[in-house]
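Trainee: Sharing a structure, written as structure tokens. Questions coming.
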Ligand SMILES: Cc1cc2nc3c(=O)[nH]c(=O)nc-3n(C[C@H](O)[C@H](O)[C@H](O)COP(=O)(O)OP(=O)(O)OC[C@H]3O[C@@H](n4cnc5c(N)ncnc54)[C@H](O)[C@@H]3O)c2cc1C
């Protein structure tokens with residue numbers, strides 16, 4: 021539907037690496053259009069695209085987007101936009117009603133913006149936290165993480181956090197791209213394709229909100245890693 025594959029996970033430049041691999045495998049991609057109708061007599065025989073093109077196939081698989089299953093709650097009066105709006109205790113509107121997982125619209129741990137993250141690690145963390153709060157522990161949810169990793173195409177990819185900041189640091193070659201996104205000297209996102217080294221370290225730097233102004237030129241160095249982070253004694257933003 022957009023101009024690139026996996027638009028929630030990859031920016032245009034990173035997606036082009038995935039698209040190249042998909043095309044090399046003989047798959048024809050159609051971007052900037054969408055399927056609007058299946059046609060056939062007893063079963064689907066063709067798919068009509070928005071731009072009028074008609075595709076014929078033996079099998080069709082529809083797999084697109086994420087939509088929380090909240091229709092059965094539409095008349096409940098509970099606050100919702102895409103998913104159920106929860107507070108920092110994962111309560112929905114009134115006390116004693118909690119939401120966790122794909123159904124919940126939570127804040128993002130990096131941006132603070134509301135979003136349905138729809139990832140397994142968030143669902144598990146939210147489920148545990150909501151259960152604690154049902155039992156009266158009053159725990160506060162720090163926010164959902166936006167982290168994805170894929171290797172289905174034979175092309176390892178890890179993507180996390182924001183796609184845009186005020187600074188971008190990258191190295192690339194024909195088969196790899198390593199891109200870090202910074203805002204106010206803090207790492208707010210990264211996209212690694214073909215070479216996913218240090219993904220865990222970058223992820224940790226995002227969560228630490230560490231001030232990297234003195235070290236950012238080293239972040240993509242081959243030797244960069246946990247040892248270097250320890251030796252740099254990075255401190256969380258605002259921490260002592
Ligand atoms: C194809 C696909 C690939 C994915 N890949 C990844 C991945 O690589 N990494 C990752 O982190 N996440 C991935 N996810 C997302 C991950 O599966 C979800 O984030 C996670 O399962 C959410 O957990 P949940 O408990 O909120 O919802 P679900 O796992 O969807 O569980 C909800 C349950 O509630 C039941 N239910 C629904 N309505 C009602 C009702 N009215 N009454 C009673 N029961 C009801 C459903 O039947 C279901 O059993 C993927 C999802 C899909 C579909």
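In my numbering, the protein residues as written are 21 to 260. Ideal Cβ placement from N, Cα and C applies to all residues, glycine included.
(1) What number of angstroms, rounded off, separates the C-alpha of residue 122 from the C-alpha of residue 35?
(2) Are the stretch 143-162 and the stretch 114-133 touching, with three or more C-beta to C-beta distances below 8 Å?
(3) Taking only runs of the beta strand (DSSP E) that begin and end inside the stretch 148-182, which ones reach a length of at least 3 residues, in chain order?
(4) Any chance the CB of residue 173 is under 8 Å from a heavy atom of ligand 2?
(5) Take the Cβ of residue 73 as the centre, count every other Cβ of all protein chains shown within 10 Å, and call the residue buried at 16 or more, exposed below.
(6) Taking contact to mean 3 or more Cβ pairs, one atom from each stretch, closer than 8 Å, check whether the stretch 186-204 and the stretch 154-174 are in contact.
(7) Count the C-beta pairs between the stretch 208-216 and the stretch 182-200 that are closer than 8 Å, then say yes if the count reaches three, no if not.
(8) Would you mind reading off the limits of the beta strand (DSSP E) that contains residue 212?
(9) Should residue 179 go down as buried or exposed, given a rule of 16 or more other Cβ atoms within 10 Å for buried?
(10) Using a Cβ-Cβ cut-off of 7 Å (strictly less than) and excluding sequence neighbours within five positions of residue 191, which residues of its own chain qualify?
(11) Does residue 222 come out as helix, strand or coil in the three-state DSSP assignment?
(12) Have a look at the DSSP bridge pairing and note the partners of residue 203.
(13) Bridge partners for residue 118 per DSSP, in chain order?
(14) With a threshold of 16 other CB atoms inside 10 Å of the CB of residue 211, please say whether the residue is buried or exposed.
(15) Can you find the residues in the same chain that come closer than 6 Å, C-beta to C-beta, to residue 259, ignoring five residues on each side of it along the sequence?
(16) DSSP state of residue 188, grouped into three classes?
(17) With H, G and I counted as helix, E and B as strand and the rest as coil, what does DSSP make of residue 78?
Mentor: The answer reads as follows:
(1) If you take the alpha carbons of residue 122 and residue 35, they lie about 25 Å apart.
(2) yes
(3) 167-170 and 177-181
(4) With respect to ligand 2, the structure shown offers nothing to examine, as its ligands consist of ligand 1.
(5) exposed
(6) no
(7) Yes, the stretch 208-216 touches the stretch 182-200.
(8) Under the DSSP assignment, residue 212 falls in the beta strand (DSSP E) whose first and last residues are 206-213.
(9) buried
(10) 198 and 240
(11) helix
(12) DSSP lists 206 as partners of residue 203.
(13) 111
(14) buried
(15) Low confidence applies here, because residue 259 scores a pLDDT of 43, under 50, leaving its location unreliable and the question unanswered by this model.
(16) Correct three-state label for residue 188: strand.
(17) coil
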